[in-house]
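Heads up, the thing below is written out as structure tokens.
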Amino acid sequence: MNKKRTLSFVFILLSFAGFSQGPAEATTQLKPDIKKSYLDSIKSTFVHNSELRCVDSLWMKELANQGLFEGMQEDLLTVNPDEEVPYALSTELLKERLAKMDAKSPFNIEYTKSLENVIKSYLKNRPRAYERLMAISEYYFPMFEEHLAKYNVPIEIKYLAIVESALNPRARSRVGAGGLWQFMYGTGKQYGLEVNSYVDERNDPLKATEAACQYLSSLYNIFGDWDLVLASYNSGPGNVTKAIRRSGEYRNYWNIRKHLPLETQGYVPAFLATMYIYEYQKEHGIKPRKAPLTYFETDTIMVKRQMSFRQIAQLLDVPVQQLQFLNPIYKLDVIPYTAEKPHYLRLPKDKIALFTSNEKAIYAYIDYQESKRERPNFNLNPIVERRDSTAVAYQTTYKKKKSVSTKIYKVKRGDSLGEIAEKHDVSVAELKKWNKVKGNNIVPGQKLKIVKDVMITVPVKEAIAIKEPKVKDTKDAKDTVAAATALADNTKPAADPAATEENALVDTKATVASHARKPKDINFEEERMYIVQKGDSLFSIAKKHPGVTVENLKTWNQIQGESIQPGMKLKVVTTSGGGTTTN
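Here the sequence shown stands for residues -26 to -1, 1 to 557, numbered as in mature numbering (1 follows the signal peptide of the UniProt record, and there is no 0).
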């Protein structure tokens, strides 16, 4: 018997294990159903022409490096051309090399002690900076040379952009000049560079280079000397003209140099020193880095919707930082769309192919996101009141209000200002401004403040007041109801007749009963102030107002006894529409 029980128990256990194993195996074979977002659905339909690639993020940071620009600007102000610099470069050898450069250049490249000092200072203190600049120049120089040749401007002028901006298209000087060629606002407008809330064409490499060639050509037509053109580009043609007069009509840069502004005194030497370092880089052990992308490996496409860099980055898998570099013209990281003037998006050529092959899907996604944007709510919620002799209609509208949200980000190892800005959808300049950061150095553990503008919708109650006439009898009261109801329904009310009783009744307050009832059931209570006349008594006043008793008058006006005086104001409440007045 015990054996049978044991066998039965074992059989039950085995059966239970078999049943439990089946569902477990079935469960492991089920694949989770992952719901795709609208963005993923759009991207899954994209046609890919070739393997996509993104420019190396380190290279993009180098192209937009603010430190190179700040270093070049500091050198212009601090390097003294008249101060001797210890560096192993023979004066005779330098003279020989400068003579070779002069032979094939329209610039007056003559040896001076000042030029030697600037060259030695750059070779001693900035060799690594020039290695980086030479890599960036591989990106821009082919485009510069094409435009310079078009306007018959010396090819060597391309080095001017290094002195001006260190080849940073979003560079801003302390006086407000901007872009690769550092145009001031007025000069940029003069040469057709548009500046508005969305766009700053001074930052557009192509348009700014075109404008710079035109400006330099006009300066050459004035002075006829490229050294003086450089000086006037920095300080303005007026300062160069004054320096020529003060020097006794000399027209060689080195002869008028001491009469020019301090920065301009080091400007032409900085340009010539940069030209020398590029020409003799190998002889001085400078090994330029290679650029993985040139300007001619990018292309543009005209956009047909307003779109943000963030949307483009999501769709094409391009870092926002790369879009900012390729499209520095757009100040708010938004490409506007207007029917009057086309706007263009610059991308690497493989991304252009991706964009054009899937243009309809891309615009469908832009339209989808636009449809989700909150719109103004113009639904009205009218409320009708009557205060004294004024009918007041209230309507509720919804308005957007800006609110500021601030959060703290703790810097982690390996973080940079660019990465933090991209992560939180803000600009590097804003991060620096909020946290009073100079330069680009941040340290792990440092706390950065990030400020966000948030738009919130709040209800606003607006009142519309219409002056009502005094109401005397039941007909007037019903007309007032109709007027208030018509106001609530946005219809024109009928005019009320004027009150005729003078110096006795002053209309102060009316309460409108619900107009959902039938007209014969509407009770309209009207509160008036009666001014006691000579010879009046409580009984005579009550008799003048049907439905009002002496006790009513005493209660409403808190009167003890029967005594009243001429001129006293008494509250009187009457009822129209078949109702009664109660205490």
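C-beta: ideal position from N, C-alpha, C; glycine also.
Nothing here was measured: the structure is a model prediction, and the numbers come from that model.
- Query: Helix, strand or coil for Ile394 per DSSP?
  - Reply: Helix at Ile394.
- Rounded to whole angstroms, what's the CA-CA distance from Asp49 to Ala145? Just pull it up for me. Roughly 16 Å between the two C-alpha positions.
- For Asn23, collect the residues of the same chain with a Cβ closer than 8 Å to its Cβ; drop the 5 residues on either side in sequence, then sort them by chain order. Because Asn23 sits at a pLDDT of 48, beneath the cut-off of 50, its placement in the model cannot be relied upon, and the following sentence gives the value as read from the coordinates. Excluding sequence neighbours, Asn23 sits near Asp324, Ala327, Leu328, Ser331.
- Should Val214 and Ser221 be called a contact, given that it needs their Cβ atoms to be closer than 8 Å? Taking 8 Å as the Cβ cut-off, Val214 and Ser221 do not qualify as a contacting pair.
- Report yes if the CB atom of Met299 is closer than 8 Å to the CB atom of Pro116, and no otherwise. As written in the sequence, residue 299 is Phe, which differs from the Met given in the question. Cβ atoms of Phe299 and Pro116: not closer than 8 Å.
- Query: Which residues mark the beginning and the end of the beta strand (DSSP E) in which Pro179 is found?
  - Reply: Following the DSSP letters along the chain, one finds Pro179 in no beta strand (DSSP E) but inside the alpha helix (DSSP H) bounded by residues 179 to 197.
- Proximity winner among Glu120, Ser95, Arg100, Pro350, relative to Ala140 (alpha-carbon distances): Out of Glu120, Ser95, Arg100, Pro350, Arg100 has the C-alpha closest to the C-alpha of Ala140.
- Kindly indicate which three-state DSSP category Asp49 falls into: helix, strand or coil? Looking at Asp49 - three-state DSSP - the assignment turns out to be helix.
- Query: Roughly how many angstroms lie between the CA atoms of Gly45 and Tyr337, to the nearest whole one?
  - Reply: In this structure, the alpha-carbon of Gly45 lies about 43 Å from that of Tyr337.
- Message: Am I right that Gly392 and Gln295 are in contact with their C-beta atoms under 8 Å? What's the rounded C-beta distance?
- Response: Between Gly392 and Gln295, the beta carbon gap of about 6 Å places them in contact (Cβ cut-off 8 Å).
- Considering only residues of the same chain and omitting the five flanking positions on each side of Thr57, which have a CB-CB separation below 8 Å? For clarity, residue 57 is Glu in the given sequence; the question names Thr instead. In its chain, beyond the 5 residues on either side, Asn91 have a beta carbon closer than 8 Å to the beta carbon of Glu57.
- Item | Straight-line gap, Ser191 to Asp199 (C-alpha atoms, nearest Å) | If you take the alpha carbons of Ser191 and Asp199, they lie about 11 Å apart.
- Task: Let me know if Arg513 comes out buried or exposed under the rule of 16 or more other beta-carbons within 10 Å of its beta-carbon.
- Result: In the sequence as presented, Arg is not what sits at residue 513; that position holds Phe. Phe513 comes out exposed.
- Message: Can you give me the C-alpha to C-alpha distance between Gln532 and Lys545, rounded to a whole angstrom?
- Response: Approximately 10 Å, taken between the alpha carbons.
- Message: Against chain C, does Ile303 count as a neighbour if the rule is that its beta carbon must be under 8 Å from one of theirs?
- Response: Of the protein chains in the structure, only one exists, and it is not chain C.
- Item | Alpha carbon of Val402 to alpha carbon of Glu348, nearest angstrom | Looking at the two C-alpha atoms, the distance is approximately 28 Å.
- Task: Specify, as a first and last residue, the run of the beta strand (DSSP E) that Arg284 falls within.
- Result: For Arg284, there is no enclosing beta strand (DSSP E); the enclosing alpha helix (DSSP H) has its first and last residue at 283 to 290.
- Query: At a cut of 8 Å, does the segment 103 to 110 reach the segment 249 to 259 through at least three beta carbon pairs?
  - Reply: The segment 103 to 110, when compared against the segment 249 to 259, does touch it at the 8 Å Cβ threshold.
- Residues of its chain near Ile275, where Cβ-Cβ distance is below 8 Å and the 5 sequence neighbours each way are ignored: Excluding positions up to five away in sequence, the list reads Tyr318, Leu319, Leu321, Ile326, Phe329, Thr330.
- Query: Would Leu234 be called buried (16 or more neighbouring beta carbons within 10 Å of its own) or exposed?
  - Reply: Burial of Leu234 is indicated by the presence of at least 16 other C-beta atoms within 10 angstroms of its C-beta.
- Query: How many angstroms separate the CA atom of Gly521 from the CA atom of Gly509?
  - Reply: CA-to-CA, the gap between Gly521 and Gly509 works out to about 22 Å.
- Query: Buried or exposed: where does Lys543 fall if 16 or more other Cβ atoms within 10 Å of its Cβ makes it buried?
  - Reply: With fewer than 16 Cβ atoms within 10 Å of its Cβ, Lys543 is classed as exposed.
- Beta carbon of Tyr227, beta carbon of Leu193: below 8 Å? By the CB criterion at 8 Å, Tyr227 and Leu193 fall outside the cutoff.
- Pull up the CB-CB distance for Tyr165 and Tyr189, whole angstroms please, since I reckon it's below 8 Å. Separation of the CB atoms of Tyr165 and Tyr189 is rounded to 6 Å, and the pair is thereby assigned contact status at 8 Å.
- Length-filtered (3 minimum) beta strand (DSSP E) runs lying within the segment 60 to 97: Fully enclosed beta strand (DSSP E) runs of 3 or longer: not present.
- Can you tell me which of Ile110, Leu204, Glu120 puts its alpha carbon nearest to the alpha carbon of Asn82? Nearest in C-alpha terms to Asn82, of all of Ile110, Leu204, Glu120, is Leu204.
- Message: Strictly by DSSP, which residues pair up with Phe157?
- Response: Phe157 is bridged to Gly152.
- Classify Lys494 as helix, strand or coil using the three-state DSSP reduction. Only weak support exists for where Lys494 lies, its pLDDT of 42 falling under 50; the coordinates are left without a value.
- Where do the N-terminal and C-terminal ends of the beta strand (DSSP E) with Tyr318 fall, by residue? Element bounds for Tyr318: 318 to 322.
- Query: Within this structure, are the beta carbons of Pro310 and Leu89 separated by less than 8 Å?
  - Reply: Cβ atoms of Pro310 and Leu89: not closer than 8 Å.
- Query: Measuring CB to CB, does Lys278 end up less than 8 Å from Val173?
  - Reply: Not in contact: Lys278 and Val173 (Cβ atoms no closer than 8 Å).
- Item | The alpha helix (DSSP H) enclosing Asp341, as first and last residue numbers | For Asp341, the enclosing alpha helix (DSSP H) covers residues 333 to 345.
- Query: Among residues of its own chain, excluding the 5 on either side of Ile93, which ones have a beta-carbon nearer than 6 Å to its beta-carbon?
  - Reply: Shown here for Ile93: same chain residues with a beta carbon closer than 6 Å to its own, the five before and five after excluded, namely Ala247, Tyr250 in chain order.
- Message: According to DSSP, Leu544 sits in a beta bridge with which residue or residues?
- Response: Answer by DSSP bridge pairing, in chain order: Tyr504.
- Do you know how far the Cα of Ser209 is from the Cα of Tyr241? When the Cα atoms are used, Tyr241 and Ser209 turn out to be separated by approximately 10 Å.
- In this structure, does DSSP put Asp167 in helix, strand or coil? Note that residue 167 is Leu in the sequence shown here, rather than Asp. Leu167 falls in the coil class under three-state DSSP.
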